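Right, one structure below, let's go through it.
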Amino acid sequence: MKRTRIACLLKTEKRGINVVAAGWVRTRRDSKGGFSFVEINDGSCFANLQVIAPVTLTNYEDEILRLHPGASVVVEGLLQASEGSGQSVELKARAIGVLGFAPPVEYPLGKQKISFERLRELPHLRARTNSFGAVARVRNVLAHETHRFFHDRGFLYVHTPIITSNDCEGAGEMFQVTALDPHAPPRRGDGAVDYAKDFFGRRASLTVSGQLEGETYACAMGDIYTFGPTFRAENSNTRRHLSEFWMIEPEMAFADLDDDAELAEAFLRHLFAAVLTQCGADLRFFDQRILPGVLARLERLANAPFGRVTYTEAVKLLEGSGKAFEFAPFWGMDMQSEHERYLAEEVFKGPVVVTDYPEAIKAFYMRRNDDGKTVAAMDVLLPEVGEIIGGSQREERLDVLEVAMSKGGLNPDNYSFYLDLRRYGSVPHAGFGLGFERMVQFCTGMHNIRDVIPYPRAPGLCY
RNA sequence: UCCGGCGUAGCGCAGUGGUAGCGCAGUUGGCUGUUAACCAAUUGGUCGCAGGUUCGAAUCCUGCCGCCGGAGCCA
């Protein structure tokens with residue numbers, strides 16, 4: 345069986361050719377004119393293919409009339425200009441083979457409305473809906489274009505480990521990985537679990553970030569990036585958080601914060617432009633059914649340069665705004681969602697890069713600025729979503745880094761590999777992290793991040 | 001974790017103290033080069049769970065469970 349994807353069939357100019365298509369039935373309409381309309385979708389594009397199933401088919405009475413949404417079919421027939429007005433081509437069937445029926449009483453995805461909440465209970469079937477098919481295609485393009493962007497710039501793709509023995513890093517609570525019997529783990533004399541007897545001979549967890557390992561490769565290979573799953577055991581229950589999500593983390597040697605911000609802006613604009621050119625039909629669906637205006641927003645962002653402001657200037661803007669924030673802004677505060685959104689939506693009316701945050705509210709590895717108060721950190725803020733990228737120039741001076749670690753209560757023994765990078769041939773370097781699902785969310789306008797990843801994991805959610 | 005909202009038929013929802021309703025899906029019939037087809041009839045519910053108030057509770061109260069939204073944490 346040599347089938348042609350529906351995306352190709354709908355694109356071709358040829359008519360009157362014999363083709364085979366295969367897919368899943370979306371809807372069937374019977375006509376008394378001697379045939380039924382059967383719309384099938386195969387995931388290759390947003391649109392369905394209209395199949396004309398004449399009553400003369402040998403299995404018309406006993407099979408075609410039993411086709412309901414979800415049934416799988418292989419159709420052989422003639423690709424012809426459509427007599428109807430809703431589509432330019434259709435497939436006039438000479439034979440329709442039914443691979444599998446989908447009884448409408450049991451199959452949950454009929455023609456009736458269904459909520460995203462309900463679909464989350466059906467992750468194995470939801471890709472068959474318009475929304476999730478479109479999300480899957482946009483997500484695929486974003487992933488592919490991420491690799492293309494970095495490869496075109498000479499960045500090396502590095503696979504950082506998923507299981508790690510890094511003793512936290514401050515990024516969040518970690519999922520423990522163990523092969524010990526949870527009911528009877530080996531114990532030391534003091535009663536504590538003896539992880540020396542665990543699989544790795546020490547306590548291990550799922551990674552919360554590939555950054556530290558990524559830095560080690562940047563400090564040998566130059567420009568690198570990672571793109572892989574990360575895990576947070578935080579009990580955060582919002583539409584913007586997942587327990588398992590994919591993160592993109594570039595790291596550049598011989599680079600400072602300005603280089604970092606330039607890379608972030610170029611990367612985001614590349615992705616915006618890519619989905620606009622490659623996902624037209626899907627984006628039009630999102631624009632019509634999910635979030636009106638999402639298309640225009642992407643077009644605007646793909647062309648507009650990002651705003652740039654220091655944290656100190658940003659706080660002055662907030663203080664002088666006259667706006668009644670729930671949390672009054674002051675220098676030294678960690679910016680609240682309302683502050684970030686005000687900057688992006690009302691002051692800059694577009695993406696903005698905020699740099700040079702107070703040392704006290706940022707991570708230990710960020711480079712101390714000469715003012716003694718701030719670090720070379722940056723956040724990229726988008727309208728409506730807030731922070732999408734967090735990054736920094738890294739502290740490359742051994743003595744300064746050691747002081748920062750002890751201030752943060754971190755045990756240097758757990759970071760000897762990281763400190764070695766500063767002991768031997770240290771170089772200035774910088775990088776950032778981007779939550780991939782938030783990017784998918786932003787491009788599709790999908791409200792809940794659980795609906796932009798195939799199998800979402802969140803507190804209490806692991807189908 | 002905190003605050004707020006919701007939980008009624010397979011699905012989406014209405015119903016604020018007096019015998020449970022609508023749309024879709026299903027079934028039956030009709031009609032049509034149809035477009036999430038349309039028209040008519042019809043099947044289907046321990047109103048999340050457990051207590052309580054009341055002559056009477058989907059409706060009011062308490063607890064629990066689940067989900068959603070916002071916040072925090074962050075990406």
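Heads up, the first sequence is in the working numbering, so the first residue is 345 and it goes up one at a time.
The beta carbon of each residue, even a glycine, is placed where N, CA and C say it ideally should be.
All figures in this text were calculated on a predicted structure; none of them were measured in a lab.
Listed in chain order, the beta strand (DSSP E) runs fully inside the segment 390-454 are 393-398, 416-425 and 433-444, counting runs of at least 3 residues. Excluding sequence positions up to five before and after L486, its CB lies within less than 8 angstroms of the CB of L615, A618, V619, F780, M783, V784 and C787, all in the same chain and listed in chain order. In this structure, G444 sits near A415, with a CB-CB distance shorter than 8 angstroms. Less than 8 angstroms separates the beta-carbon of S681 from that of G730.
Among the bridge pairs identified by DSSP, S380 is matched with D374 and A397. In the displayed model, L469 falls within coil according to three-state DSSP, outside both helix and strand.
When beta bridges are read from the DSSP output, R738 appears opposite M710.
Annotated three-state conformation of S549 is strand, per DSSP.
Just so you know, the alpha carbons of R372 and I384 end up roughly 9 angstroms apart. Within the same chain, and ignoring the five residues on either side of L765 in sequence, the residues whose Cβ sits closer than 7 angstroms to its Cβ are E559, T560 and C563. Nearest Cα to V521 within the set T504, V502, R546 and R531: R546. Bridge pairing for N362: L422 [DSSP]. D700 and A668 have their alpha carbons spaced roughly 25 angstroms apart.
One thing to note: F708 has its Cβ within 8 angstroms of the Cβ of G752.
A direct Cα-to-Cα measurement between A480 and V417 gives close to 22 angstroms. If you compare the alpha carbons of G554, N647, L422 and M790 with that of A439, the shortest gap goes to L422. Annotation: the continuous beta strand (DSSP E) that includes E593 extends over E588 to A597. A check of alpha carbon separations from E609 across P594, Q622 and F598 identifies P594 as the nearest.
Contact annotation, R472 with W368: C-beta distance approximately 6 angstroms; criterion of less than 8 angstroms satisfied. By the Cβ test, the segment 585-604 is in contact with the segment 791-800, since at least three Cβ pairs between them sit closer than 8 angstroms.
Sixteen is the threshold: since fewer than 16 other Cβ atoms of the shown chains lie within 10 Å of the Cβ of A540, the residue is exposed. Closest in alpha carbon position to L453, among S736, P467 and V442, is P467. F671 counts as exposed, since fewer than 16 other beta carbons sit within 10 angstroms of its beta carbon.
By the C-beta density criterion, K706 is buried, having at least 16 other C-beta atoms within 10 angstroms.
Looking at the DSSP output, E731 bridges to L725.
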